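Student: Heads up: the sequence shown begins at 75 in the working numbering, then just goes up one per residue. Note that the Cβ used here is the ideal one computed from N, Cα and C, for glycine as well. None of the values given here were measured: they were computed from a predicted structure.
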Amino acid sequence: MLEKAILSLDKINYPKNKYELIIINDGSTDNTEQVVKNVKDKVSCNLRYFYQKNKKLSAARNLAIKNSNKE
Numbered sequence: 075m076l077e078k079a080i081l082s083l084d085k086i087n088y089p090k091n092k093y094e095l096i097i098i099n100d101g102s103t104d105n106t107e108q109v110v111k112n113v114k115d116k117v118s119c120n121l122r123y124f125y126q127k128n129k130k131l132s133a134a135r136n137l138a139i140k141n142s143n144k145e
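1) Give me, in chain order, the residues of the same chain whose beta-carbon lies closer than 6 Å to that of Lys90; leave out the 5 immediate sequence neighbours on both sides.
2) Would you list the residues sitting across from Tyr125 in a DSSP beta bridge?
3) Check the C-beta distance from Lys78 over to Gly101 and give it rounded, since I have them as a contact under 8 Å.
4) In its own chain, which residues sit with a C-beta less than 8 Å from the C-beta of Ala134, not counting the 5 before and 5 after it?
5) Pull up the distance between the alpha-carbon of Val113 and that of Asp104, whole angstroms please.
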């Protein structure tokens, strides 16, 4: 499902340099990291992946904001 979502977002009719896709993995035990690695070369949008160990939703949002390109 994650791969489909990423590929779908990459197809939107909006300039690729105007948005970024930041994925925060908050300690999941599934194959999220591998899915992102596999799909990264298939998309032209700015896709970035970060891992943190079980810090919950607020910390995940803060990590995304901290690492976003704020223009």
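Tutor: Reading from the atomic positions:
1) For the purposes of this step, residue 90 is taken as residue 16 along the sequence shown, with counting starting at 1. In its chain, beyond the 5 residues on either side, Ser118 and Cys119 have a beta carbon closer than 6 Å to the beta carbon of Lys90.
2) For the purposes of this step, residue 125 is taken as the residue at position 51 of the sequence shown. Bridge partners of Tyr125 according to DSSP: Asn99.
3) Working through the sequence shown from its first residue, we reach residue 78 at position 4. Working through the sequence shown from its first residue, we reach residue 101 at position 27. That belief does not hold up - the Cβ atoms of Lys78 and Gly101 are roughly 23 Å apart, past 8 Å.
4) Translated into the one-based positions of the sequence shown, residue 134 becomes position 60. Correct list, in chain order: Ile98, Asp100 and Gln126.
5) Counting from 1 along the sequence shown, the entry for residue 113 is found at position 39. Counting from 1 along the sequence shown, the entry for residue 104 is found at position 30. Between Val113 and Asp104, the C-alpha separation is close to 16 Å.
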